[in-house]
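Following: one structure in structure tokens, then a few remarks.
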Amino acid sequence: DAKTTQPNSMESNEEEPVHLPCNHSTISGTDYIHWYRQLPSQGPEYVIHGLTSNVNNRMASLAIAEDRKSSTLILHRATLRDAAVYYCILKSSGGSNYKLTFGKGTLLTVNP
Amino acid sequence: DGGITQSPKYLFRKEGQNVTLSCEQNLNHDAMYWYRQDPGQGLRLIYYSQIVNDFQKGDIAEGYSVSREKKESFPLTVTSAQKNPTAFYLCASSASPGPQHFGDGTRLSIL
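Residue numbers (the numbering used here), protein chains in the order written: chain L, 153 to 264; chain F, 349 to 459.
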């Protein structure tokens with residue numbers, strides 16, 4: 153599986169935008185970029201995913217570099233409830249719909 | 349509301365004892381998954397099932413067993429062969445294709 157690299161931790165202030173980076177230099181043409189987040193003592197929660205174009209939904213935006221070797225998850229106005237571990241995961245569009253490979257993710261701390 | 353229910357939230361096991369973790373979903377998803385999470389680590393796949401009566405081993409299946417007799421249910425048994433069972437266990441389901449939806453987990457500890 154192609155690997156992703158994320159910073160171990162990041163810090164933000166409440167109501168400010170947060171940009172969470174992810175590097176995936178060995179991404180293949182059929183790999184989608186998925187983001188999940190995990191709040192303390194809970195299961196992960198799907199945030200957003202994309203292939204080539206930037207994506208927006210009610211939770212966040214995903215900006216994908218033109219060469220697809222990196223991407224950035226954008227939280228437009230961080231709240232205390234956004235404090236979580238954020239995972240960037242590559243998932244192939246081919247084959248079976250299984251096996252999300254989770255790394256350690258980025259621990260986001262939001263300061264009031 | 350549709351979702352995934354894992355029970356119990358906390359479970360204690362004695363040495364040499366098998367325990368079964370429950371996972372039920374009412375999302376009408378075909379695929380279901382079991383993951384294990386150790387402190388400070390990401391999730392690792394134990395078993396997954398894409399259809400009823402069929403399942404495959406994930407990355408760390410040794411010491412675990414599963415069944416998929418109904419679409420809604422995917423119980424995980426932690427056997428006595430699993431030497432280090434203390435962990436946070438997460439169940440997920442997905443439509444094909446689609447994101448995975450997770451339960452709130454079961455925390456297993458050894459007495």
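Ideal placement from N, C-alpha and C gives every residue a C-beta, glycine not left out. Computed from a predicted model, the values in this text were never measured in an experiment.
Using the C-alpha atoms, what's the distance from residue j back to residue i?
i: L/E167; j: L/Y238; result: 18 Å
i: F/G351; j: L/P192; result: 19 Å
i: L/H228; j: L/T157; result: 22 Å
i: L/S205; j: F/V426; result: 42 Å
i: F/S415; j: F/V367; result: 14 Å
i: L/P264; j: F/R455; result: 30 Å
i: F/L359; j: F/Q365; result: 12 Å
i: L/L225; j: F/E363; result: 44 Å
i: L/H171; j: F/K419; result: 39 Å
i: F/I458; j: F/H449; result: 28 Å
i: F/V356; j: F/F403; result: The amino acid occupying residue 356 of chain F in the given sequence is Pro; Val does not appear at that position. Cα to Cα, F/P356 sits roughly 23 Å from F/F403.
i: L/H201; j: L/V207; result: 7 Å
Got a sec: is the Cβ-Cβ distance from residue i to anything in chain L below 8 Å?
i: F/P447; result: yes
i: F/Q389; result: yes
i: F/D452; result: yes
i: F/L369; result: no
i: F/L424; result: no
i: F/L375; result: no
i: F/L467; result: Examination of residue 467 of chain F is not possible in this model, given that chain F is present from 349 through 459 alone.
i: F/L359; result: no
i: F/L456; result: no
Please classify residue i: does DSSP put it in a helix, a strand, or coil?
i: F/D402; result: strand
i: L/D183; result: strand
i: F/R460; result: This structure cannot settle anything about residue 460 of chain F, because the visible part of chain F is limited to 349 through 459.
i: F/L459; result: coil
i: F/R361; result: strand
i: L/L191; result: coil
i: L/R229; result: coil
Hey, is residue i's beta-carbon within less than 8 Å of any beta-carbon in chain F?
i: L/L225; result: no
i: L/Q158; result: no
i: L/G202; result: no
i: L/L252; result: yes
Anyone know if the C-beta pair for residue i and residue j falls short of 8 Å?
i: F/P423; j: F/C371; result: yes
i: L/I185; j: L/L214; result: yes
i: L/T178; j: L/K155; result: yes
i: F/G411; j: F/L393; result: no
i: L/T258; j: L/A235; result: no
i: F/Y437; j: F/L375; result: no
i: L/P173; j: L/P196; result: no
i: L/K221; j: L/H176; result: yes
Does the beta carbon of residue i fall short of 7 Å from some heavy atom of the ligand PLP?
i: L/V237; result: The ligand content of the structure shown is nil, which means the ligand PLP is not present either.
Taking its Cβ as the centre, do 16 or more other Cβ atoms sit within 10 Å of residue i, making it buried, or is it exposed?
i: F/I399; result: exposed
i: F/P445; result: exposed
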